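To keep things clear, I will list the structure first and then write my remarks on it.
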Amino acid sequence: MSIQFVQVSKYYGESAVFEDLNLTLLEGQFHGLMGASGSGKTTLANLLMGLVKPDHGEIKGIEGKRIAAVFQEDRLIEHWDAVKNIKLVCNKAVTVQMIEQELRQIGLEEYSGKPVREYSGGMRRRVAIVRALMAENDLLILDEPFKGLDEALKLQVMDYVKQKSIEKTVLLITHDLEEVNYFRANLITL
Amino acid sequence: MRKSGPSRNYGERLCRMLFALAFWILIWELVSVWVGQEILLASPVAVFRTLFVLIQSLDFWRTILFSSLRIVTGFVLALIVGTLLAALSYRFRLAEDLISPLMKTIKAMPVASFIILALVWIRSENLSVLISFMMVVPMIYSSVSQGLVVADEKLLQMARVFHVSPLQKVIAIYIPSVKPFFLTAVTVGLGFCWKAGIAAEVIGIPTGSIGTKLYEAKLYLMTKELLAWTIVIILISMLFEKVVVFLLRPERRR
């Protein structure tokens, strides 16, 4: 079932982040959300995740949906290693071996046993991405997931995300139109 | 062969500590010679001789066991109850409204008032359990509360989005946030509960306790015994602190 924003408004104090917003996220499709800084992209993601409530309007089709996200910040448990961080959000059927296999695909196998606070920015980002992709989800929200990755690595990670998100409902928040085109995403602008 | 860095540091620290100890014992000796009356201030040699005699008796060890068991029981209960109350207050506003003023009152109340009040309610041999509990519980409560309040909001949001179980949330987010506050409270609280527990025994004079030995030493002007027991209390308190830090800080074991 699609997710629909119907006449949604959100205010912080006196100022409106957006007013009477209408948009639809189609089930099983990849969406790219673009907009200038401060246009409300992250607020929109927070509304979907239930972290903030709309002041007016309604978001239809979101109830009961399992959401996985890559946040703007990595939001990892610093003293835990990559495997433990990922295992935290996965169901019991996901084994350590399965997680290690995913980490291998993204070039992190050697570091899987070290606490993530010892990782570089790019490595932490990749852990956050694998975590979101391995968690059970009906909606995947990616808030600037490739930020801080160098070009070669970015392509590798984008390819990995593409493979893992086939037929999933995805919302990619980005400033980069090339990323939207790479995923052949439905473009939404704020 | 030269010693490695950490062990050389440890050796240096030990030497400096022994030097400071020897310095203050020398000062003590000089002051006791100057005072010239053992009843006012016994010399370190006389006190250590008394201590040596004391440790050879079974009664000495029984006395230590009696007081230690009760004070440590109060302390452990305070750790458990203080943590649970802090968790309740964090979770439920009403619980915070009810518990917080109570903790502040207990914290501000003089130990002596507590001891005298408690003597009305309970038997003197259990007095030190209650008093050490009362001294530590508000410390643990406020420290754990502080740690819970400063738990990383962004990590909590992440846990909420991913539907992380409450137990996992506690392990991954709350415990690391609370730990430094808790450890400080435990170290400070342990010293406090020994002081308050012994004070309770001095007032309640339960048979076979360290406090009673102190009371008797004061009553019969046995300054040597008084100082010897004081040294024992300091040593036990330090030993317990080391044990607790060892148990709670795995990184210190390496």
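If you're matching them up, the sequences are chains A and B in order.
In my numbering, each residue carries its 1-based index in the first sequence increased by 856.
In my numbering, each residue carries its 1-based index in the second sequence increased by 20.
Virtual Cβ for every residue (Gly too), placed ideally from N, Cα, C.
Since the structure is predicted, the reported quantities are computational estimates derived from the model, not experimental observations.
Worksheet entry | Top-ranked residue by Cα proximity to B/Ala248, from B/Cys35, B/Ser63, B/Ala42 | B/Ser63
Worksheet item: When DSSP builds the beta bridges, which residues end up paired with A/Ala991?
Response: According to DSSP, which records beta bridges pairwise, A/Ala991 is partnered with nothing at all.
Worksheet item: When the cut-off is 9 Å and only beta carbons count, does B/Lys238 lie next to chain A?
Response: no
Item to complete: Report yes if the CB atom of B/Ala192 is closer than 9 Å to the CB atom of B/Ala132, and no otherwise.
Response: no
Fill in: For A/Ala924, the residue or residues it bridges with in DSSP
A/Leu996
Worksheet entry | Short CB-CB distance (under 9 Å) between A/Leu944 and chain B | yes
Worksheet entry | Span separating the alpha-carbon of A/Lys866 from that of A/Glu919 | 19 Å
Fill in: Simplified DSSP state of B/Gln177, which is helix, strand or coil
helix
Fill in: Three or more C-beta pairs below 8 Å linking the region 189-209 of chain B and the region 170-178 of chain B
yes
Practice prompt. Taking A/Tyr868 as part of the beta strand (DSSP E), name the residues at either end of that continuous run.
Written response: 859-868
Worksheet entry | Of the listed residues A/Ser895, A/Asp1015, A/Arg960, A/Gly888, nearest to A/Leu877 (C-alpha basis) | A/Ser895
Worksheet entry | C-alpha distance - B/Gly167 paired with B/Val157, whole-angstrom precision | 15 Å
Practice prompt. Measure from the C-beta of A/Gly969 to each C-beta in chain B and report whether the shortest distance is under 9 Å.
Written response: no
Worksheet item: Which of the three DSSP states, helix, strand or coil, is assigned to A/Asn851?
Response: Limits of chain A in this structure are 857 at one end and 1046 at the other, which puts residue 851 of chain A out of reach.
Discussion item. For B/Val92 and A/Leu1011, what's the separation of their Cα atoms in angstroms?
Written reply: 60 Å
Discussion item. Among B/Gly224, B/Phe72, B/Ile251, B/Ile160, whose alpha-carbon lies nearest the alpha-carbon of B/Val96?
Written reply: B/Ile160
Worksheet item: For the alpha helix (DSSP H) that B/Phe202 lies in, which residues bound it at each end?
Response: 195-224
Discussion item. Cutting at 6 Å between CB atoms, please list the residues of its own chain near B/Ser148, excluding the five before and the five after it.
Written reply: Arg90, Ile91, Gly217, Ala220, Glu221
Worksheet item: Short check: CB of A/Leu989 to CB of A/Ala924, under 9 Å?
Response: yes
Worksheet entry | Opening and closing residue of the alpha helix (DSSP H) in which A/Glu919 lies | Looking at the DSSP string, A/Glu919 is not in any alpha helix (DSSP H), and its letter there is neither H nor E.
Worksheet item: Does the region 62-82 of chain B come within contact of the region 135-154 of chain B, defined as at least 3 CB pairs closer than 8 Å?
Response: no
Worksheet entry | Under the three-state DSSP convention, the category B/Lys23 falls into | Unreliable placement is indicated for B/Lys23, whose pLDDT of 49 sits below 50; the coordinate value is still reported in the next sentence. Of the three classes helix, strand and coil, the one that applies to B/Lys23 here is coil, per DSSP.
Worksheet item: Name the residues in the region 980-998 of chain A whose C-beta lies less than 7 Å from a C-beta of chain B; which are they?
Response: Ala991
Fill in: For A/Ala892 and A/Leu1043, the rounded distance between their alpha carbons
14 Å
Worksheet entry | Within 8 Å of chain A by C-beta, residues of the region 153-175 of chain B in sequence order | Lys174, Leu175
Worksheet item: What is the DSSP secondary structure of A/Leu932, counted as helix, strand or coil?
Response: coil
Worksheet item: Taking buried to mean at least 16 other C-beta atoms within 10 Å of its own C-beta, is A/Asn1037 buried or exposed?
Response: exposed
Discussion item. Contact criterion: CB-CB distance below 9 Å. Does A/Gly906 meet it with respect to chain B?
Written reply: yes
Worksheet item: Which whole runs of the alpha helix (DSSP H) in the region 945-972 of chain A are 4 residues long or more, in chain order?
Response: 952-961
Discussion item. Runs of 4 residues minimum, wholly inside the region 120-159 of chain B: which ones carry the alpha helix (DSSP H) assignment?
Written reply: 131-141
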